[in-house]
Structure formats: structure tokens, C-alpha cells
Amino acid sequence: MKKRITQLKSTLLTPLSLLKILLESISKHMKDEKVFGNSQHGFRKGKSGLTNLTAFYNEGTTLVDEGTAMDVVYLDFSKAFDSVSI
Numbered sequence: 007m008k009k010r011i012t013q014l015k016s017t018l019l020t021p022l023s024l025l026k027i028l029l030e031s032i033s034k035h036m037k038d039e040k041v042f043g044n045s046q047h048g049f050r051k052g053k054s055g056l057t058n059l060t061a062f063y064n065e066g067t068t069l070v071d072e073g074t075a076m077d078v079v080y081l082d083f084s085k086a087f088d089s090v091s092i
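Numbering of the sequence shown is given in this note's numbering, commencing with residue 7 and proceeding in unit increments.
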């Protein structure tokens with residue numbers, strides 16, 4: 007029985023299981039310290055690409071309604087990481 011418990015403990019301490027603990031700790035720290043502004047979307051919980059488009063649309067229509075000029079720059083990084091330079 008003792009050998010089984012030791013095997014179980016060693017399974018819980020594998021690099022992948024420790025990675026999850028580290029990720030949760032770093033994520034909590036970044037949230038608590040407000041590392042990312044409220045406008046950061048895409049990889050945060052509850053902040054998808056769709057919420058980014060909605061926020062952009064709301065901000066844009068507000069500026070247009072106020073008569074304020076608005077410049078928009080689009081960047082496409084979709085193919086930027088498809089190949090590796092050697």
C-alpha cells in the first residue's frame with residue numbers, strides 16, 4: 007500500500023501537473039496586480055475577440071456621434087508565426 011501512495015504522489019508532482027499550479031498562480035497575480043488593462047481582449051476569461059469588436063464599435067460610434075475624428079489602423083498578424091526563420 008505504501009508503494010502505491012508513493013507512486014500516486016510522484017504522479018502529482020510531474021512537470022505537467024506543476025505547470026498548471028504555476029499557471030494558476032501567475033494568472034492570479036496578473037489579475038490581482040491589474041497587469042492588463044480593461045481593453046485587453048482575446049486571451050482573458052470573458053474577453054474574446056467578439057467582445058473586442060463590440061468595444062471597438064461602441065467607442066467608434068460614440069466618437070462619431072460627438073463629431074470627433076477617429077483614425078483606425080488594422081494589423082494582420084495571422085501569418086506572422088506560420089514559419090520559422092533559420
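We put the CB at the ideal spot given by N, CA and C, even for glycine.
- The criterion of a C-beta distance shorter than 8 Å is not satisfied by residue 40 and residue 47.
- Only residues of its own chain outside the window of five on either side were considered, and among them none has a CB closer than 8 Å to the CB of residue 26.
- In the three-state reduction of the DSSP assignment, residue 85 falls in the coil class.
- Per DSSP, the unbroken alpha helix (DSSP H) holding residue 66 starts and ends at 55-72.
- Residue 26: member of the alpha helix (DSSP H) spanning 21-38, first to last residue.
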